[in-house]
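Remarks on the structure that follows.
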Amino acid sequence: MTALNTTLVFGASGQLGQCLTQVAQERNLNGLISPPEAQANILNPNGLRSLFEQHRPAYIINCAAYTAVDKAEDEVDLARRVNRDGVENLARLCGEFGTTLIQISTDFVFAGTGNQPLVETDAPTPISVYGLTKLEGEQVIPGLAPKYFIIRTSWLYSEFAGNFVKTMLKLGRERDELRIVWDQVGTPCYAIDLAGCILHIIESQSQAYGLYHYSNEGLTSWYDFATAIFELSGLPVKTIPIRTAEYPTKATRPAYSVLDKTKVKQALGVAIPHWRTSLRTCFERLS
Numbered sequence: 000m001t002a003l004n005t006t007l008v009f010g011a012s013g014q015l016g017q018c019l020t021q022v023a024q025e026r027n028l029n030g031l032i033s034p035p036e037a038q039a040n041i042l043n044p045n046g047l048r049s050l051f052e053q054h055r056p057a058y059i060i061n062c063a064a065y066t067a068v069d070k071a072e073d074e075v076d077l078a079r080r081v082n083r084d085g086v087e088n089l090a091r092l093c094g095e096f097g098t099t100l101i102q103i104s105t106d107f108v109f110a111g112t113g114n115q116p117l118v119e120t121d122a123p124t125p126i127s128v129y130g131l132t133k134l135e136g137e138q139v140i141p142g143l144a145p146k147y148f149i150i151r152t153s154w155l156y157s158e159f160a161g162n163f164v165k166t167m168l169k170l171g172r173e174r175d176e177l178r179i180v181w182d183q184v185g186t187p188c189y190a191i192d193l194a195g196c197i198l199h200i201i202e203s204q205s206q207a208y209g210l211y212h213y214s215n216e217g218l219t220s221w222y223d224f225a226t227a228i229f230e231l232s233g234l235p236v237k238t239i240p241i242r243t244a245e246y247p248t249k250a251t252r253p254a255y256s257v258l259d260k261t262k263v264k265q266a267l268g269v270a271i272p273h274w275r276t277s278l279r280t281c282f283e284r285l286s
């Protein structure tokens with residue numbers, strides 16, 4: 000078994016946290032530690048300090064976040080405490096202990112009003128509370144933790160936890176017809192692939208610190224993504240394309256949030272599969 004530098008995972012019970020555990024086991028990597036959630040509350044600075052003093056981690060992976068996009072419009076303070084203040088607590092300790100922080104962020108920091116893949120230097124203009132608070136979390140890091148990787152991702156799914164793929168499969172077993180938005184375009188990200196990228200950063204001990212975009216290759220709409228899911232599953236579901244205006248939500252979603260992955264591929268040497276390839280892989284694991 001290969002030993003990683005001691006790495007603490009926050010939000011380990013969530014989708015990406017479970018994928019990190021899975022990939023570490025498959026790669027026979029030792030050193031990934033998921034503290035009990037009672038001890039790993041990112042809003043408890045004293046508890047965090049105890050963890051840092053106990054483990055002296057080389058890396059922190061922060062998967063903990065407030066991700067209820069629509070509820071955040073009403074729970075602004077709670078979303079900000081988790082997505083900004085919790086990140087600030089971690090970043091301050093990372094700076095003090097010389098720890099590298101790997102922070103997971105989102106395509107929701109962008110308005111999505113363009114039609115070109117989004118690069119890391121594009122100005123973020125969030126249009127939802129969720130996107131705004133995640134951006135605020137990004138912004139507190141550089142002044143506190145000089146060694147950091149911020150990784151923005153999009154449309155995350157896997158065989159773990161709740162996500163669009165599993166929701167479509169559930170609905171597809173219950174209904175023979177579904178109406179799916181077609182005018183929101185982005186790229187799905189298989190969380191197993193993202194976990195692999197994160198562990199690659201740690202294994203390679205990369206010092207190419209900074210902001211990165213990561214999702215799978217290609218682009219699609221939610222409608223085409225759902226159609227691909229039903230084709231692979233064999234469920235006889237009729238999908239009907241609808242506009243965003245026909246499916247109103249409390250929070251506004253980016254209409255175009257395709258992330259450009261040039262930087263992560265060149266600086267970190269990461270190979271990224273096409274979203275259809277990774278979706279097939281996910282189905283193989285689900286079956």
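Each residue of the sequence shown is one higher than the last, beginning at 0 in numbering that gives the first Met the number 0. C-beta atoms are modelled at their ideal positions from N, C-alpha and C, and glycine is treated no differently. Because the structure is a prediction, the values reported are computed rather than measured.
For the alpha helix (DSSP H) containing P85, name the first residue and the last one.
Your numbering for residue 85 matches position 86 in the sequence shown. Checking the sequence, you will find Gly at residue 85 rather than Pro. Segment G85 to F96, the alpha helix (DSSP H) holding G85.
If I'm right that I241 touches E176 with Cβ under 8 Å, what's the distance once you round it to whole angstroms?
Here the question's residue 241 lines up with position 242 in the sequence shown. Here the question's residue 176 lines up with position 177 in the sequence shown. Actually they are not in contact, since the Cβ atoms of I241 and E176 sit about 12 Å apart, beyond 8 Å.
Secondary structure, beta strand (DSSP E): runs of 3+ residues fully inside the stretch 147-191:
Runs found: 147-152 and 176-180.
For E72, which residues from the same chain have a beta carbon less than 6 Å from its beta carbon, with the 5 sequence-adjacent residues on both sides left out?
Within the sequence shown, the letter at position 73 stands for residue 72. Excluding sequence neighbours, E72 sits near V128, K249 and A250.
Taking the alpha-carbon positions, what's the S232 to L143 distance?
Working through the sequence shown from its first residue, we reach residue 232 at position 233. Working through the sequence shown from its first residue, we reach residue 143 at position 144. Using only the alpha carbons, I get a separation of about 46 Å.
Buried versus exposed, by CB contacts within 10 Å (16 or more), T2:
Here the question's residue 2 lines up with position 3 in the sequence shown. The identity of residue 2 in the sequence shown is Ala, whereas the question assumes Thr. Its Cβ having fewer than 16 others within 10 Å, A2 is exposed.
Tell whether a beta-carbon distance below 8 Å holds between L218 and G185.
Taking the sequence shown and counting its residues from 1, one reaches residue 218 at position 219. Taking the sequence shown and counting its residues from 1, one reaches residue 185 at position 186. Yes. Within cutoff.
Measuring CB to CB, does P44 end up less than 8 Å from N82?
As a working mapping, residue 44 is identified with position 45 in the sequence shown. As a working mapping, residue 82 is identified with position 83 in the sequence shown. By the CB criterion at 8 Å, P44 and N82 fall outside the cutoff.
Exposure label - T226; buried when at least 16 CB within 10 Å:
For the purposes of this step, residue 226 is taken as residue 227 along the sequence shown, with counting starting at 1. Buried, by the Cβ-count rule.
Let me confirm a value: T98 is counted as buried when at least 16 other C-beta atoms fall within 10 Å, else exposed. Which label applies?
Residue 98 sits at position 99 when you count from the first residue of the sequence shown. By the 10 Å Cβ count, T98 comes out buried.
Helix or strand or just coil, what does DSSP make of L267?
Along the sequence shown, read from residue 1 onward, the residue named residue 267 stands at position 268. Of the three classes helix, strand and coil, the one that applies to L267 here is helix, per DSSP.
Cβ neighbours of M167 in the same chain (closer than 6 Å, five flanking residues each side left out)
As a first step, residue 167 must be located in the sequence shown, where it is residue number 168. These residues qualify, in order along the chain: A225 and I228.
Can you check whether the CB of G85 is closer than 8 Å to the CB of L31?
As a first step, residue 31 is located in the sequence shown; it is residue number 32 there, counting from the start. As a first step, residue 85 is located in the sequence shown; it is residue number 86 there, counting from the start. No, the Cβ-Cβ distance between L31 and G85 is not below 8 Å.
Per DSSP, V139 is paired with what?
Indexing the sequence shown from 1 puts residue 139 at position 140. According to DSSP, V139 shares a beta bridge with no other residue.
Could you pull the start and end residues of the alpha helix (DSSP H) that T120 belongs to?
The count along the sequence shown starts at 1 and reaches residue 120 at position 121. Per DSSP, T120 is not a residue of any alpha helix (DSSP H), being assigned neither H nor E.
Check for me: the alpha helix (DSSP H) holding S232 runs from which residue to which?
Residue mapping note: residue 232 aligns to position 233 of the sequence shown, counting from 1. That run of the alpha helix (DSSP H) goes W221 to S232.
Compare the Cα-Cα distances from I179 to each of A67, N29 and P247 and report the closest residue.
Counted from its first residue, the sequence shown places residue 179 at position 180. For the residues A67, N29 and P247, the minimum Cα distance to I179 belongs to P247.
From Q183 to V108, what does the alpha carbon distance come to, in whole angstroms?
Walking along the sequence shown from the start, residue 183 turns up at place 184. Walking along the sequence shown from the start, residue 108 turns up at place 109. Going by the C-alpha atoms only, they are around 15 Å apart.
Exposed or buried, S33, counting other C-beta atoms within 10 Å across all chains shown (16 or more means buried)?
Position 34 of the sequence shown, counted from the first residue, corresponds to residue 33. By the 16-neighbour rule on beta-carbons within 10 angstroms, S33 is buried.
Please list the segments of the beta strand (DSSP E) lying wholly inside the stretch 25-81, counting only runs of 3 or more residues, in order along the chain.
For the stretch 25-81, whole beta strand (DSSP E) runs of length 3 or above, ordered along the chain, are 28-32 and 58-61.
Simplified DSSP state of Y211, which is helix, strand or coil
Here the question's residue 211 lines up with position 212 in the sequence shown. DSSP places Y211 in strand when its eight states are reduced to three.
Rounded distance between the beta-carbons of T5 and R55, thought under 8 Å
Position 56 of the sequence shown, counting from 1, holds the residue named residue 55. Position 6 of the sequence shown, counting from 1, holds the residue named residue 5. Between R55 and T5, the beta carbon gap of about 7 Å places them in contact (Cβ cut-off 8 Å).
Which whole-angstrom value is the C-beta distance of T280 and Y189, which I expect to be below 8 Å?
Numbered from its first residue, the sequence shown carries residue 280 at position 281. Numbered from its first residue, the sequence shown carries residue 189 at position 190. About 7 Å; that satisfies the 8 Å criterion.
Residue range of the alpha helix (DSSP H) that F282 falls in?
Taking the first residue of the sequence shown as position 1, residue 282 is located at position 283. Counting along the chain, the unbroken alpha helix (DSSP H) around F282 starts and ends at W274 to L285.
Please state whether the Cβ-Cβ distance between A207 and A122 is less than 8 Å.
Stepping through the sequence shown from its first residue, residue 207 is reached at position 208. Stepping through the sequence shown from its first residue, residue 122 is reached at position 123. With respect to the 8 Å criterion, A207 and A122 are not classified as neighbours on the basis of their beta carbons.
Please name the residue, chosen from H212, G268 and R172, that lies closest to V236 on a Cα-to-Cα basis.
Here residue 236 corresponds to residue number 237 of the sequence shown, with the count starting at 1. With distances taken between Cα atoms, V236 lies closest to R172.
Quick check on the burial criterion: 16 or more other C-beta atoms within 10 angstroms. Buried or exposed for H273?
By one-based count along the sequence shown, residue 273 stands at place 274. The Cβ neighbour count for H273, taken over all protein chains shown within 10 Å, is under 16; the residue is labelled exposed.
With distance defined between alpha-carbon atoms, name the residue in A110, R252, E52 and G268 nearest to S205.
In the sequence shown, counting from the first residue as 1, residue 205 sits at position 206. Answer by Cα proximity: G268.
Who does Y129 pair with in a DSSP beta bridge?
Reading the sequence shown from its first residue, position 130 is the one you call residue 129. Paired residues: none, contrary to the question.
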